[in-house]
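Residue numbers (this note's numbering): -14 to 485. Every residue gets a Cβ at the ideal spot worked out from N, C-alpha and C, and that includes glycine.
Following this line, the structure appears as structure tokens:
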């Protein structure tokens, strides 16, 4: 927070720059170091496997060398025991597990065909062993190449780890310095006890909780959609049941009308038979058919009425069941929605509290940085004002009675206080202002000294000529303040470039 002005007018500016870039970089570097350590661990495992394979190949090569030595020694012993003729000189003869030792004849001599066969077998076995040894050599060379590559990769990873650790240590030191400076320069009221890492961990936890609440809200929304679909289905079922009920009522009315018509016909026939018994000439068969038809109509109407009543009762029962189910589902959905809304509100409140704490910390850090950069400027400006006032009193002998009321800088406000004032109701603001007005008036040290000086020096009329020297000195100091302001802007640009 910095305040500048001339005369009685004072203006305040608020800097809301983000001071936690170095800490974000530190977190990123820590994550990179963890990843590099994991890669190094994997590479070490792979190198151990390659070394084990190398040991196995070395053992196999040693075994093959021993077998070759045995074969050569046995072949030499065989040549000594059974001398080779002149035609077959220079061919090595080996005898091992793979060869047969030349047997001695009863007469002390051996046929040349058998010796040739044994030599050919020894030659074939030697070619096999040499081919096996060449394969082993190629595998050993490939393994050596792999080991060299792994060593180079390991050296590179070690260098990266060393660099990352150095950067992390430097960033931690810078952070510790910033925190120590803040704790030294600002009081215990302005600095929060929580560290930056704890605040970031809290923010991450709140973000994860928010994601969980969003997921639960989506699940509840899907449940609500399912419930609405079921409600629509039940409404369609109720409509079909109502249509069936209307049809049953119509059928019932039709059956009643048919029954009434049949009864009227029967009554008319009976009346005719009673009034004119001589004129009625109905045969017995017609009378029987008429009575049967009347009975059948009565039975049919009764059956139709019973079926209609049963359908109506079933429709009513189904309607009641559907209505109860819909009410239960709606109540459960409302409860789930209320719980989800409560959780979301609680999460939002916690998040807002954390954001407010973070904003306060950022504003305090920004204020402390600005105060560190502009401490020299404030000291020079304060010194010039005090010197000018004292010089004017000493040289001109003027008292503060003619110079007007003193202007005192207002107290610096943080972002949290500004937001509280914006969120505060106007009635509360008026009450607080009235309480401040009713309190004791604050008197500065300059006013007390001026009152003491008034007792010893009488007031004089100021015609403006006595203040010329003071204004000249003030102009000089204003040029110095401009130079300090330019230096401050250059420092800010350098800090911004370093952070970016």
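With fewer than 16 other Cβ atoms from the protein chains shown falling within 10 Å of its own Cβ, residue 204 counts as exposed. Rounded to the nearest angstrom, the gap between the Cα atoms of residue 169 and residue 162 is 10 Å. Inclusion of residue 198 and residue 329 in the CB contact set at 7 Å is warranted, their separation being smaller than that value. By the Cβ criterion, the stretch 332 to 344 is not in contact with the stretch 214 to 221, since fewer than three pairs of Cβ atoms, one from each stretch, lie closer than 8 Å. For the pair residue 233 and residue 298, the CB atoms are not nearer than the 7 Å cut-off.
Judged by their CB atoms, residue 153 and residue 14 are nearer to each other than the 7 Å cut-off. Listed in chain order, the non-local C-beta contacts of residue 28 below 8 Å within the same chain comprise 135, 138, 139, 142, local neighbours out to five positions each way being set aside. One Cα belongs to residue 241, the other to residue 251, and the distance between them is close to 15 Å.
Fewer than three Cβ pairs drawn from the stretch 31 to 50 and the stretch 100 to 107 lie within less than 8 Å of each other, which leaves the two stretches out of contact. Taking the C-beta atoms as reference points, residue 311 is found nearer than 7 Å to residue 216. Minimum Cα-Cα distance from residue 122 among the listed residues 42, 479, 30 corresponds to 42. Between residue 336 and residue 191, the C-beta gap is smaller than 7 Å, which places the two residues in contact. Closest by C-alpha distance to residue 271, out of 287, 254, 22, 157, is 254. The criterion of a C-beta distance shorter than 7 Å is not satisfied by residue 293 and residue 224.
Contact between residue 282 and residue 244 holds: CB atoms are separated by about 7 Å, below the 8 Å threshold. Of the residues 227, 46, 56, 201, the one whose Cα lies closest to the Cα of residue 332 is 201. Each residue's CA atom was taken as its position, placing residue 9 and residue 148 some 18 Å apart.
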